[in-house]
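Q:
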Amino acid sequence: MKAELPGTVWFVGAGPGDPELITVKGQKLLAQAGAVLFAGSLVDRAATAYAPPGCDVRDSKDMTLEDMTEWLVSRASQHQTVVRLQTGDPSLYGALIEMARPLDAAGVPWRVVPGVSSAMAAMAAAGESMTLPEVTQSVILTRVAGRTPMPEGEDLAALAAHRTTLCIFLSITLLHKVEAALRAAGWPEDAPMLVVHKASWPGEELILRGTLADIKQRCREAGVVSQAMIVASPTLGSRHWETLVRSKLYDPHFTHRFRKATA
């Protein structure tokens, strides 16, 4: 008798913290899941409330990669829909490929549902924009070297030399390295800095503003030592500038396919 085909493992981005910031597709998959493996060290357990009664829900914070992939393969043999719930977006600073390779080897199909990154949530919380016309049109998502080294050519000082928006992940305990890299790249002491702790987490979000000269002291005073996004950008504080270059798309002097210039 032909064996039943394995179920599909879905890597779902849970978003930055607020359970309501998961995508509609992610929520629907949770609602039909037979098993859910969530990253409890970073994902609010409230996100698993979308799973149905009787769903096999497991926190992965005490598991190794081998433990997790074995669990996923096992549950895929029992359920049609298995969800691996990851913080933010699965493709960014996650072990997506490391977990997917054993699934490929076991013949278990898998797919990915993107999620909202903490970089976007941090800027949303602070009411800031990552890009502005004629200020910067580029965003760099990066980190500084800790126990995980940075590849050659990707040290923060080299990236900061572009003077664009820098969203710096997983580095709040290494803020002294961030400061040193920005200074080495020529950023001034009064360059605006933003740190958002637990962006979007209900009742836990904390927004800190400062400059390159004082942001470390502000974080120390606030006790921020984990789960924080660091942003350095020439766009920070722009809503208070006296002048701002307007977007061409909405400029009355600009013609495009949907509207002719009116002034």
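In my numbering, the protein residues as written are 5 to 267.
A virtual CB, placed ideally from N, CA and C, is assigned to each residue, including glycine.
#1: Among all the DSSP beta bridges, which residues are the ones paired with T169?
#2: If contacts are defined as beta-carbon pairs under 8 Å, then L25 and S204 qualify, I think. What distance do you get, rounded to the angstrom?
#3: Between L212 and A195, how many whole angstroms is the CB-CB distance? I'm expecting something under 8 Å.
#4: Could you tell me if T85 is buried or exposed, where buried requires 16 or more neighbouring beta carbons within 10 angstroms of its beta carbon?
#5: Return the chain-ordered list of same chain residues with a C-beta closer than 8 Å to the C-beta of R250, the five sequence neighbours on each side being excluded.
#6: Spatial neighbours of T247 within its chain, please: CB distance less than 6 Å, with the 5 preceding and 5 following residues excluded, ordered by chain position.
#7: Please say whether R147 and I172 have beta carbons closer to each other than 8 Å?
#8: What separation, rounded to the nearest whole angstrom, lies between the Cα atoms of L198 and A149?
#9: So the alpha helix (DSSP H) A185 belongs to, where does it begin and stop?
#10: What residue range is occupied by the uninterrupted beta strand (DSSP E) comprising L69?
#11: From the DSSP output, which residues share a beta bridge with D255?
#12: Consult DSSP for H244 and reduce its assignment to one of helix, strand or coil.
#13: Under the DSSP definition of a beta bridge, which residues are partnered with P196?
A: To lay it out plainly:
#1: Here T169 is bridged, per DSSP, to V143.
#2: With 8 Å as the limit, L25 and S204 qualify as a contact, their Cβ atoms being about 6 Å apart.
#3: Contact annotation, L212 with A195: C-beta distance approximately 15 Å; criterion of less than 8 Å not satisfied.
#4: Burial call: buried.
#5: Its chain contains P137 as the residues whose beta carbon lies nearer than 8 Å to that of R250, once the 5 sequence neighbours on both sides are disregarded; these appear in chain order.
#6: In the same chain as T247, and ignoring 5 residues on each side of it, no C-beta atom comes closer than 6 Å to its own.
#7: Yes. Within cutoff.
#8: L198 and A149: Cα-Cα distance of roughly 20 Å.
#9: DSSP places A185 in the uninterrupted alpha helix (DSSP H) bounded by L179 to A188.
#10: Secondary structure note for L69: it is in no beta strand (DSSP E), and the uninterrupted alpha helix (DSSP H) holding it is L69 to A80.
#11: Partner(s): none; D255 has no beta bridge.
#12: Reduced to three states, the DSSP call for H244 is helix.
#13: In the DSSP output, where bridge partners are listed per residue, P196 has T215.
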